[in-house]
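Working notes, structure below.
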Amino acid sequence: MGIPQLLQNLEKIQKPKSKVYPKASNSGDASYRPAAVIDGSALAHHTFNRYVKSLSKEERITRVLGFDYTAYQRSVIRWLERLEVGFDITNIFIDGHLPSYKTTTRISRIQTTILSLSRLRTLSPSVIDLTKGNWNPSPPFIIAAFSAAVRGHERFGKVIRTVAGEADAFCAAASAIGGNTEEEAKDDGGEGITVVFTGDSDLVVYPHSQYSRVAILDDVHFEYTSDEGARVKVLLWSPWDIERKLGGGSGTIKEGGDQPGMMIMKFAWCLVIKDVFRVAKVVSSGKGGGLESVKVGAEFREQYLLPDVGGFGDEGLEGILDSRAAEVVYASPRYRGLCHPPVKKSGKDAEVYLPVMLEDVTKSSVWSIGREMRKLAYQILFGTNTVVVEVHRKGEAVNRSSLKLEQEDEGFILGGEFGEGLDGLVVGIILEIVRGYLEKNMEITNTDLIALLAAITKSPGHEESLPSVTAVHWTWPRAHLLSQMMAGVWSLYLLQTVTNLPNEGVEIPETIDRSIFEKLKGFQSLLDIIDVNRFMTIYAITHNRKGMSKSARKRARKKAGVWEGQDTSGLSTEGLQGLINRMFEKEVRGSVEGVLRIVEEMRRRGNGDEEEDEDGEGGESYMGMTVG
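Quick look at the structure:
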């Protein structure tokens with residue numbers, strides 16, 4: 001988030017300076033590297049956007065839809081290591097809470113995403129074609145992937161932190177207090193600066209010190225020469241210099257009254273309220289003479305208050321929270337007091353924002369999956385007899401669903417044994433998806449089930465013999481099914497996060513099955529659960545052979561061993577067994593077959609036991625879900 005045209009106008013008043021680091025210190029015995037404070041949330045998306053730009057239009061279909069989080073994580077670490085050549089990375093902050101004044105912007109962004117998704121659905125009604133529509137969906141777990149990669153690094157893991165507020169505010173605060181004394185600056189080559197790396201232009205609006213600098217991520221370039229080796233070239237903005245040009249304060253952080261940067265803030269406010277005449281006058285004169293009388297809106301000014309970097313948050317939460325889970329936690333009564341800016345009591349129900357994923361806008365939201373698991377997490381955080389509002393897509397609009405956390409709610413039963421190699425918690429999500437399809441009389445084939453099960457199991461070790469996934473395999477029903485699975489997995493992850501919070505003062509409702517705490521301890525990392533490539537490979541194996549020559553069909557039949565006798569349920573018994581043998585380890589095959597038998601029983605009951613339903617008899621329970 002930023003202020004449109006802010007830097008473009010400020011550049012006419014005070015140009016940023018191009019710098020190259022590392023540079024020799026005055027003493028000549030070492031290289032000088034400025035301190036670096038990084039907006040991790042901005043860097044996460046910056047890294048993804050640069051990756052997308054490097055792809056051809058055709059490559060984007062398979063590379064973006066089948067996003068490789070592991071490769072992405074390597075790119076993140078590589079970027080940080082290259083920056084480290086010229087800068088001493090002291091802090092990496094991740095957004096953990098967005099204040100209420102961001103609500104309008106958030107809703108607007110969700111609506112924009114839905115409209116883009118809808119347009120893509122219209123332009124490519126069957127197979128998803130990212131070459132149309134000029135829009136690329138962001139991977140849903142990108143911040144989680146970024147956080148996991150950085151936390152797992154020996155050096156960078158020591159400086160990353162999910163904060164109880166917006167990352168840019170904490171970056172500004174760390175920069176404001178991180179400047180050196182004049183004596184130290186002289187030893188450091190005359191600079192002694194701290195640089196904030198961000199994607200937000202309004203970082204220059206925050207209070208600052210003489211040694212604060214701001215660098216926009218797009219203006220960072222990595223160079224290498226045979227003479228000087230690796231270097232980092234960057235454009236640095238000096239808010240202190242801009243403030244002086246506008247006739248503002250000395251640049252020292254004050255207690256009370258106008259903070260340094262007030263003239264920049266007033267100028268930014270004029271841009272926000274579209275005071276075109278005053279903006280033009282300031283830019284043309286290069287002075288702030290027309291800004292003294294400007295009264296900045298109270299809410300706007302509040303956005304740029306500096307937090308106490310060490311005083312916000314809870315040390316007991318370090319390493320537990322990623323960005324989206326942190327938002328839920330910091331919205332709860334127990335933790336909202338840690339937030340910056342302070343959360344005001346409004347009497348409104350707490351809101352949880354669920355991301356728009358790659359889902360079919362003609363179908364219901366993928367977030368119908370995992371709702372009971374999320375309700376458990378909400379009960380632990382917010383207590384019973386309260387209401388939590390989930391904000392998500394419904395059709396082509398933004399919808400608010402109120403979830404009342406009743407005292408008498410029955411605890412949702414998690415777990416179940418499905419044999420070796422299958423996590424009962426994740427299989428429960430698959431069965432929940434199946435139940436939803438059956439209740440709506442929608443088809444879910446054995447191929448779909450095998451795809452979901454393949455996504456949550458390890459490879460048998462012969463991936464190279466499997467066919468490649470191509471753009472033609474990415475259809476809307478498959479993408480929607482995969483997103484449903486991801487929504488369920490994230491719901492489990494949220495529940496795991498909540499059960500890992502410090503328990504002091506947390507009242508666990510009696511209706512909640514305490515065994516979930518034990519079951520969730522062994523839950524895998526969020527990013528290790530779903531293998532998108534294995535999911536889609538199933539469809540590559542069983543792809544419709546229309547248009548193939550007789551010899552090609554013969555080779556495909558011999559290679560896949562699954563074509564004989566296909567039926568409307570997806571695959572015949574013979575073909576199904578061939579696919580299972582090909583995709584699963586020997587030890588797991590029996591477990592997979594067991595899940596398929598459960599689903600077949602669910603189908604049979606749904607199709608043939610209407611009379612038992614009317615009598616209220618004959619229901620069976622799998623993973624806490626009554627079937628029939």
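In UniProt numbering, the protein residues as written are 1 to 628.
Backbone N, C-alpha and C define an ideal beta-carbon position, used for all residues, glycine too.
### Query
So, do the region 163–180 and the region 90–100 have three or more beta carbon pairs nearer to each other than 8 Å?
yes
### Message
Along the chain, where does the beta strand (DSSP E) containing ILE94 start, and where does it finish?
### Response
Numbered from 1 along the sequence shown, position 94 holds the residue referred to as residue 94. Taken as a continuous stretch (DSSP letters only), the beta strand (DSSP E) holding ILE94 covers 88–94.
### Query
Does the pairing of the region 136–147 with the region 321–334 give three or more beta-carbon distances under 8 Å?
yes
### Task
Determine, using beta carbons only, whether LYS245 and GLY310 come nearer to each other than 8 Å.
Numbered from its first residue, the sequence shown carries residue 245 at position 245. Numbered from its first residue, the sequence shown carries residue 310 at position 310. No; because the gap between Cβ atoms is not below 8 Å, this pair is not in contact.
### Query
Based on Cα-Cα distance, which residue from ASN9, LYS132, PRO34 lies nearest to ALA215?
In the sequence shown, residue 215 corresponds to position 215, counting from 1. Of ASN9, LYS132, PRO34, the residue nearest in Cα terms is PRO34.
### Task
Spatial neighbours of LEU520 within its chain, please: CB distance less than 6 Å, with the 5 preceding and 5 following residues excluded, ordered by chain position.
As a working mapping, residue 520 is identified with position 520 in the sequence shown. GLN496, THR499, listed in sequence order.
#### Entry: Inter-residue spacing [alpha-carbon to alpha-carbon] between LEU405 and THR470
Taking the first residue of the sequence shown as 1, we reach residue 405 at position 405. Taking the first residue of the sequence shown as 1, we reach residue 470 at position 470. Cα-Cα distance, rounded: 44 Å.
### Message
Which of the three DSSP states is assigned to ASP133 in this structure?
### Response
Within the sequence shown, the letter at position 133 stands for residue 133. Asp is not the amino acid found at residue 133; the sequence shown has Gly there. Coil, per DSSP.
### Same chain, Cβ closer than 8 Å to GLN5, five either side skipped, listed in chain order
Your numbering for residue 5 matches position 5 in the sequence shown. Contacts found: LEU271.
### Task
Classify TYR304 as buried or exposed, calling it buried when 16 or more other Cβ atoms lie within 10 Å of its own Cβ.
The residue given as residue 304 occupies position 304 in the sequence shown. By the C-beta density criterion, TYR304 is buried, having at least 16 other C-beta atoms within 10 angstroms.
### Query
Using CA coordinates, which residue listed in VAL232, ARG60, PHE222, ALA174 is at the minimum distance from PRO207?
As a first step, residue 207 must be located in the sequence shown, where it is residue number 207. Checking every option, the nearest Cα to that of PRO207 belongs to ALA174.
### Query
Under a Cβ-count criterion, where at least 16 other Cβ atoms within 10 Å of its own Cβ denotes burial, should GLU228 be classed as buried or exposed?
Working through the sequence shown from its first residue, we reach residue 228 at position 228. Burial call: exposed.
### Query
Going along the chain, which residues of its own chain have a beta-carbon closer than 6 Å to the beta-carbon of ASP567, five neighbours each way excluded?
Translated into the one-based positions of the sequence shown, residue 567 becomes position 567. Because ASP567 carries a pLDDT of 39, less than 50, the predicted location of this residue cannot be relied on, and the following value inherits that uncertainty. Nothing listed; no residue qualifies.
### Message
Between the region 36–46 and the region 112–119, can you find at least three pairs of beta-carbon atoms closer than 8 Å?
### Response
no
### Query
Do you know how far the Cα of TRP237 is from the Cα of LYS15?
For the purposes of this step, residue 15 is taken as the residue at position 15 of the sequence shown. For the purposes of this step, residue 237 is taken as the residue at position 237 of the sequence shown. In a straight line, the C-alpha of LYS15 is about 8 Å away from that of TRP237.
### Query
Is GLY86 closer than 8 Å to ARG213 when the C-beta atoms are compared?
Taking the first residue of the sequence shown as 1, we reach residue 213 at position 213. Taking the first residue of the sequence shown as 1, we reach residue 86 at position 86. No.
### Query
Shortest alpha-carbon distance to ASN385 belongs to which of SER402, SER100, VAL398?
Translated into the one-based positions of the sequence shown, residue 385 becomes position 385. That would be SER402, whose Cα lies nearest to the Cα of ASN385.
### Task
Identify which residue in VAL592, TYR32, PHE222 has its Cα closest to the Cα of GLU81.
One-based indexing of the sequence shown puts residue 81 at position 81. Checked all of VAL592, TYR32, PHE222; the closest Cα to GLU81 is PHE222.
### Message
In this structure, how does DSSP classify LYS399 when only helix, strand and coil are distinguished?
### Response
Within the sequence shown, the letter at position 399 stands for residue 399. In the sequence as presented, Lys is not what sits at residue 399; that position holds Asn. Per DSSP, reduced to three states, the secondary structure at ASN399 is strand.
### Query
Helix or strand or just coil, what does DSSP make of PHE197?
Along the sequence shown, read from residue 1 onward, the residue named residue 197 stands at position 197. Of the three classes helix, strand and coil, the one that applies to PHE197 here is strand, per DSSP.
### Message
If you reduce the DSSP assignment to three classes, tell me which class GLY229 lands in.
### Response
Looking up residue 229 in the sequence shown gives position 229. Three-state result, GLY229: strand.
### Query
Should GLU443 go down as buried or exposed, given a rule of 16 or more other Cβ atoms within 10 Å for buried?
Taking the first residue of the sequence shown as 1, we reach residue 443 at position 443. Exposed.
### Task
Please name the residue, chosen from MET265, ASN503, LEU291, that lies closest to ALA298 on a Cα-to-Cα basis.
Residue numbering aside, residue 298 sits at position 298 when the sequence shown is read from its first letter. Closest by alpha carbon: MET265.
### Message
Quick check on the burial criterion: 16 or more other C-beta atoms within 10 angstroms. Buried or exposed for ALA247?
### Response
Sequence index remark: in the sequence shown, residue 247 carries index 247 (1-based). For clarity, residue 247 is Gly in the given sequence; the question names Ala instead. With fewer than 16 other Cβ atoms inside 10 Å of its own Cβ, GLY247 counts as exposed.
### Task
Would you identify the three-state DSSP class for VAL246, choosing helix, strand or coil?
Position 246 of the sequence shown, counting from 1, holds the residue named residue 246. In the sequence as presented, Val is not what sits at residue 246; that position holds Leu. LEU246: coil per DSSP, three-state reduction.
### Task
Would you check if there are 3 or more beta carbon pairs closer than 8 Å linking the region 394–401 to the region 360–372?
Yes, the region 394–401 touches the region 360–372.
### Burial state of ARG582, where buried means 16 or more other Cβ atoms lie within 10 Å
Here the question's residue 582 lines up with position 582 in the sequence shown. ARG582 comes out buried.
### Message
My assumption, with CB atoms under 8 Å, is that ILE242 sits in contact with LEU10. Please give the rounded CB distance.
### Response
Here the question's residue 242 lines up with position 242 in the sequence shown. Here the question's residue 10 lines up with position 10 in the sequence shown. Indeed, because the Cβ distance is near 6 Å, the residues count as touching under 8 Å.
#### Entry: Expected contact under 8 Å - CB spacing of GLY606 and LEU438 to nearest Å
To locate residue 606, count along the sequence shown from 1; it is residue 606. To locate residue 438, count along the sequence shown from 1; it is residue 438. Between LEU438 and GLY606 the Cβ distance is about 5 Å, and since that is below 8 Å, they are a contact.
### Query
Are there 16 or more other CB atoms within 10 angstroms of the CB of THR122, so buried, or fewer, so exposed?
Residue mapping note: residue 122 aligns to position 122 of the sequence shown, counting from 1. Result: exposed.
### Query
Going by other Cβ atoms of all chains shown within 10 Å of its Cβ, with 16 needed for buried, is SER591 buried or exposed?
Position 591 of the sequence shown, counted from the first residue, corresponds to residue 591. Per the 10 Å Cβ criterion, buried.
### Query
How big is the Cα-Cα spacing for SER108 and GLU420?
Translated into positions along the sequence shown, residue 108 becomes position 108. Translated into positions along the sequence shown, residue 420 becomes position 420. Taking the straight line from one Cα to the other gives about 46 Å.
### Query
Helix or strand or just coil, what does DSSP make of ARG393?
Taking the sequence shown and counting its residues from 1, one reaches residue 393 at position 393. Three-state result, ARG393: strand.
### Query
Per the contact definition of three or more C-beta pairs closer than 8 Å, is the region 447–463 in contact with the region 333–346?
no
### Query
Ordered along the chain, which non-local residues of its own chain (more than five positions away) have a Cβ less than 8 Å from that of ASP200?
As a position in the sequence shown, residue 200 is number 200, starting the count at 1. The answer, listed in chain order, is MET1, GLY2, ASP39, ALA42, ASP168.
### Task
Let me know if ALA331 comes out buried or exposed under the rule of 16 or more other beta-carbons within 10 Å of its beta-carbon.
On the sequence shown, residue 331 is found 331 positions in, with the first residue counted as 1. The residue is buried, with at least 16 neighbouring Cβ atoms inside 10 Å.
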